[in-house]
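Chemist: First, the structure itself, so that you have it in front of you.
Number of protein chains: 2
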Amino acid sequence: MNASTKQSFPLFDEAHSAEAVNARIGPNVDPRTREIASAVVRHLHAAVKEIEPTHEEWLAAINFLTNTGHMCSDWRQEFILLSDVLGVSMLVDAINHRRPTQATENTILGPFFVDGLSISDNGTNICRDGKGEPLVVHSRVVDIKGAPISGATIDVWQTNDDGFYDVQQQGIQPEGNLRGKFTSDADGRFWFRSVKPRFYPIPDDGPVGKMLGKLGRHPNRAAHIHFIIEAPGFETVITHIFAPDCPYLQEDTVFGVKESLIGRFEHVEDADAAEKLGFTSPFWSVEQDFVLKPLA
Amino acid sequence: MNASTKQSFPLFDEAHSAEAVNARIGPNVDPRTREIASAVVRHLHAAVKEIEPTHEEWLAAINFLTNTGHMCSDWRQEFILLSDVLGVSMLVDAINHRRPTQATENTILGPFFVDGLSISDNGTNICRDGKGEPLVVHSRVVDIKGAPISGATIDVWQTNDDGFYDVQQQGIQPEGNLRGKFTSDADGRFWFRSVKPRFYPIPDDGPVGKMLGKLGRHPNRAAHIHFIIEAPGFETVITHIFAPDCPYLQEDTVFGVKESLIGRFEHVEDADAAEKLGFTSPFWSVEQDFVLKPLA
Numbered sequence: 001m002n003a004s005t006k007q008s009f010p011l012f013d014e015a016h017s018a019e020a021v022n023a024r025i026g027p028n029v030d031p032r033t034r035e036i037a038s039a040v041v042r043h044l045h046a047a048v049k050e051i052e053p054t055h056e057e058w059l060a061a062i063n064f065l066t067n068t069g070h071m072c073s074d075w076r077q078e079f080i081l082l083s084d085v086l087g088v089s090m091l092v093d094a095i096n097h098r099r100p101t102q103a104t105e106n107t108i109l110g111p112f113f114v115d116g117l118s119i120s121d122n123g124t125n126i127c128r129d130g131k132g133e134p135l136v137v138h139s140r141v142v143d144i145k146g147a148p149i150s151g152a153t154i155d156v157w158q159t160n161d162d163g164f165y166d167v168q169q170q171g172i173q174p175e176g177n178l179r180g181k182f183t184s185d186a187d188g189r190f191w192f193r194s195v196k197p198r199f200y201p202i203p204d205d206g207p208v209g210k211m212l213g214k215l216g217r218h219p220n221r222a223a224h225i226h227f228i229i230e231a232p233g234f235e236t237v238i239t240h241i242f243a244p245d246c247p248y249l250q251e252d253t254v255f256g257v258k259e260s261l262i263g264r265f266e267h268v269e270d271a272d273a274a275e276k277l278g279f280t281s282p283f284w285s286v287e288q289d290f291v292l293k294p295l296a
Numbered sequence: 001m002n003a004s005t006k007q008s009f010p011l012f013d014e015a016h017s018a019e020a021v022n023a024r025i026g027p028n029v030d031p032r033t034r035e036i037a038s039a040v041v042r043h044l045h046a047a048v049k050e051i052e053p054t055h056e057e058w059l060a061a062i063n064f065l066t067n068t069g070h071m072c073s074d075w076r077q078e079f080i081l082l083s084d085v086l087g088v089s090m091l092v093d094a095i096n097h098r099r100p101t102q103a104t105e106n107t108i109l110g111p112f113f114v115d116g117l118s119i120s121d122n123g124t125n126i127c128r129d130g131k132g133e134p135l136v137v138h139s140r141v142v143d144i145k146g147a148p149i150s151g152a153t154i155d156v157w158q159t160n161d162d163g164f165y166d167v168q169q170q171g172i173q174p175e176g177n178l179r180g181k182f183t184s185d186a187d188g189r190f191w192f193r194s195v196k197p198r199f200y201p202i203p204d205d206g207p208v209g210k211m212l213g214k215l216g217r218h219p220n221r222a223a224h225i226h227f228i229i230e231a232p233g234f235e236t237v238i239t240h241i242f243a244p245d246c247p248y249l250q251e252d253t254v255f256g257v258k259e260s261l262i263g264r265f266e267h268v269e270d271a272d273a274a275e276k277l278g279f280t281s282p283f284w285s286v287e288q289d290f291v292l293k294p295l296a
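Chains F and B are the protein sequences, given in the same order.
Oh and the first sequence: position 15 is 15 in full-length UniProt numbering, straight run, nothing missing.
Oh and the second sequence: position 151 is 151 in full-length UniProt numbering, straight run, nothing missing.
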């Protein structure tokens, strides 16, 4: 390019800082990349202008991001934790899964899903370490009009009564403890036995845990059971059922709780019913239907 | 805390996502931390709501931040590069160094400053590798009323004619090549000999360089000489003089160029003047005063 054809860019100044940066995006950049980059720059500069960080505060932010990056490994994703505790993961999920009111809402997937389980019979007890209060879950998978969806596959997973997933305690918990995969029957029904879920902390020994401490926040997730419900022709639902009496129900550290996902857990004192389930009395029972939205 | 005294938090929803996150900041958090955290969350959520990232785009952002963190080491700070190329470093500098119009403006410090040099005599040639077009720099350090400031210390550093700082090429360039420290005389004057600076790329073999590529941007800094001017009772100035004929003057990749910092470089064809300086003709000459703001 010679002087006459070369583009002239505005010099940087405080008042027009974001415009000066975004003017540099090249002419052949794909539109979505341009849209994302220019929005990031605008909001980032707006944040800096509102906060007016000192040099030391800016450097603290640089060091926080660096430490968060250094904490990431093949088995630990500290930036996803950061996204989770800042509500960004839930916001991205909400944006991508706007559904009719009657459809089951999504919530966060989390890092502990294990794909590829074989199908278990309905009624299977997925608790293999014998810890915790027994729970039976009865569900129905239906469409928005209430018609049953048979042959849906349902992945289920949760922590054990010590607050850990099996994959966090390999060699300690029985393999596949508190995981199962089921299919819905002709009436859309599936059921399984398990234990009442309990709250647990997200990994808080890294920069994100330190940040939570500085913000006066605890690291606990509200007690829940994970579900993925898949059926041909329907939008996959990734969700939880929450225990209604969990002390962290209103302050899940990753903001995963939605009113519609709080289960109606019943405390059953009925020795006959318990015996039929292979439980001792009392035990817990929850019924929760999953309503799937048809694919567009 | 029992149920009656425990605070009730709003559950997360898309419309009030930032408010739900910020409601969790604890009551005893120091006010500045609260101010920064809540502004970050508000602007971050506003960006996500504008961009509406897909799950894949969100994951790409997570991976970009992770890779940027993994690129950081004791000798490479990729997050500072990111801050630089997004104009954030210059914005933070501008916010912290608002000065009267007549005072010399700051610009970016950069990662290649070396502290603790001993003072050189005025007139010293800081170019020790003999490469490049000879340049003489004459300067005066003055206060806002134009009165000379004697005894100011001036740190100077720049790349060699290959576009590298000495610390980037240890064992290749002579030690201390193109660095010097001077003091202003009774008239506020200092001068030194060097070579005309040339443009150079920031390190672009990491995630930030890849990002620049995707944005259709080059990695080049406009040609410049670094200065730090310190004098008791005055605000320290960290700045550059830019070469006016650099092809990247209007598109410095870190946005460091300010109109007032573009030097008036004169091309001198005068054999006598050259001989007096120990130069061959032609050579370059620049005169630039530095105007310091008194400390409040």
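Backbone N, C-alpha and C define an ideal beta-carbon position, used for all residues, glycine too.
Bear in mind the structure is a predicted one, so any value in this text is a computation, not a measurement.
Quick check: the segment 112-126 of chain B against the segment 185-198 of chain B, are at least 3 beta-carbon pairs closer than 8 Å?
Modeler: Enough Cβ pairs lie closer than 8 Å, so yes.
Chemist: Go ahead and label Glu-251(B) buried or exposed: buried means 16 or more other beta carbons lie within 10 angstroms of its beta carbon, across all protein chains shown.
Modeler: Flag for Glu-251(B) reads buried.
Chemist: For the segment 209-226 of chain F, which residues have a CB atom closer than 7 Å to at least one CB atom of chain B, in sequence order?
Modeler: Answer in chain order: Lys-214, Leu-215, Gly-216 and Arg-217.
Chemist: Could you name the residues that DSSP lists as bridge partners for Ile-202(B)?
Modeler: For Ile-202(B), which the question treats as bridged, DSSP gives no partner whatsoever.
Chemist: Roughly how many angstroms separate the alpha carbons of Leu-82(F) and Pro-31(B), rounded to a whole number?
Modeler: Spanning the two alpha carbons is a distance of roughly 21 Å.
Chemist: So, is Leu-295(F) buried or exposed, given that buried needs 16 or more other C-beta atoms within 10 angstroms?
Modeler: Classification of Leu-295(F): exposed, given that the 10 Å Cβ count is below 16.
Chemist: For Pro-219(F), which of Thr-253(F), Ala-243(F) and Thr-236(F) has the nearest alpha-carbon?
Modeler: Among Thr-253(F), Ala-243(F) and Thr-236(F), the Cα nearest to that of Pro-219(F) belongs to Thr-253(F).
Chemist: Can you check whether the C-beta of Leu-260(B) is within less than 8 Å of a C-beta belonging to chain F?
Modeler: For clarity, residue 260(B) is Ser in the given sequence; the question names Leu instead. By this cut-off, Ser-260(B) is not an interface position.
Chemist: To which residues of the same chain is Phe-283(F) closer than 6 Å at the C-beta, ignoring the five residues directly before and after it?
Modeler: Answer for Phe-283(F): Pro-134, Val-268 and Ala-274, listed in chain order.
Chemist: Buried or exposed, going by whether 16 or more other CB atoms sit within 10 Å of the CB of Lys-258(F)?
Modeler: Lys-258(F) comes out buried.
Chemist: Please report how far the alpha carbon of Asp-270(B) lies from the alpha carbon of Val-136(B), in whole angstroms.
Modeler: C-alpha separation (whole angstroms): 13 Å.
Chemist: Taking 8 Å as the limit between beta carbons, can you name the residues of its chain near Gly-163(B), skipping five residues before and five after?
Modeler: Taken in chain order, the residues that qualify are Arg-198, Phe-199, Tyr-200 and Pro-201.
Chemist: Does the pairing of the segment 90-98 of chain F with the segment 103-123 of chain B give three or more beta-carbon distances under 8 Å?
Modeler: Too few Cβ pairs lie closer than 8 Å, so no.
Chemist: Do we get a CB-CB distance below 8 Å when we pair Arg-76(F) with the residues of chain B?
Modeler: Chain B, which has no Cβ nearer than 8 Å to the Cβ of Arg-76(F), makes this no.
Chemist: So is Glu-175(B) buried or exposed if we call it buried at 16+ other beta carbons inside 10 Å?
Modeler: When all chains shown are included, Glu-175(B) counts as exposed.
Chemist: In chain order, which continuous runs of the alpha helix (DSSP H) of length 4 or greater are located wholly inside the segment 160-245 of chain F?
Modeler: Complete alpha helix (DSSP H) runs here, min 4: 207-214.
Chemist: Assess contact between the segment 4-23 of chain B and the segment 45-61 of chain F, defined as three or more Cβ pairs (one per stretch) separated by less than 8 Å. Is contact present?
Modeler: Too few Cβ pairs lie closer than 8 Å, so no.
Chemist: Curious, which full-length alpha helix (DSSP H) runs of at least 4 residues does the UniProt domain "Catechol dioxygenase N-terminal" (30-104) of chain B contain?
Modeler: DSSP runs (the alpha helix (DSSP H)) wholly in the UniProt domain "Catechol dioxygenase N-terminal" (30-104) of chain B: 31-51, 55-71, 78-85 and 88-96.
Chemist: Val-29(B) CB to nearest chain D CB: under 8 Å?
Modeler: Absent from the structure is chain D; the protein chains it does hold are F and B.
Chemist: If we count the other Cβ atoms within 10 Å of its Cβ and call it buried at 16 or more, is Ser-150(B) buried or exposed?
Modeler: So Ser-150(B) counts as exposed.
Chemist: Run through chain F and tell me which residues come within less than 8 Å of Arg-87(B), C-beta to C-beta.
Modeler: Strictly speaking, residue 87(B) in this sequence is Gly, with Arg absent from that position. Result: Phe-12, Ser-17, Ala-18, Ala-20, Val-21, Val-41 and His-45.
Chemist: Counting only beta-carbon atoms, is Glu-251(F) nearer than 8 Å to chain B?
Modeler: Judged by the 8 Å Cβ criterion, Glu-251(F) is in contact with chain B.
Chemist: Looking only at its own chain, which residues have a Cβ that is under 6 Å from the Cβ of Thr-153(F), when we skip the five neighbours before and after it?
Modeler: Closer than 6 Å at Cβ, skipping near neighbours: Thr-183 and Glu-230.
Chemist: List, in order along the chain, the chain F residues whose C-beta lies closer than 7 Å to that of His-55(B)?
Modeler: Simply Val-92 and Asn-96.
Chemist: Between Thr-236(F) and chain B, is any beta-carbon pair separated by less than 8 Å?
Modeler: By this cut-off, Thr-236(F) is not an interface position.
Chemist: Applying the criterion that 16 or more other CB atoms from any shown protein chain within 10 Å of the CB defines a buried residue, is Asp-84(F) buried or exposed?
Modeler: Buried.
Chemist: To the nearest angstrom, how far is it from the Cα of Val-208(F) to the Cα of Gly-116(F)?
Modeler: Their backbone Cα atoms lie some 31 Å apart in a straight line.
Chemist: Leu-249(B) lies in the alpha helix (DSSP H); which residues open and close that run?
Modeler: Here Leu-249(B) belongs to no alpha helix (DSSP H), and DSSP marks it neither H nor E.
Chemist: Run through DSSP, which three-state label would Asn-22(F) get?
Modeler: Asn-22(F): helix per DSSP, three-state reduction.
Chemist: Beta-carbon within less than 8 Å of Thr-68(B)'s beta-carbon, same chain only, minus the 5 sequence neighbours each way: which residues are those?
Modeler: Glu-78, Phe-79, Leu-82, Gly-206, Pro-207 and Val-208, listed in sequence order.
Chemist: Counting along the chain, where does the beta strand (DSSP E) carrying Leu-135(B) start and finish?
Modeler: It spans 134-143 - the beta strand (DSSP E) in which Leu-135(B) sits, taken as one unbroken run.
Chemist: Are any of the Cβ atoms in chain B nearer than 8 Å to that of Ile-51(F)?
Modeler: By this cut-off, Ile-51(F) is an interface position.
Chemist: In whole angstroms, what separates the C-alpha of Ile-144(B) from that of Pro-100(B)?
Modeler: Each residue's Cα considered, the two are about 9 Å apart.
Chemist: Taking the alpha-carbon of His-240(B) as reference, which of Ile-36(B), Arg-189(B), Ala-60(B) and Gly-110(B) has the nearest alpha-carbon?
Modeler: Answer by Cα proximity: Gly-110(B).
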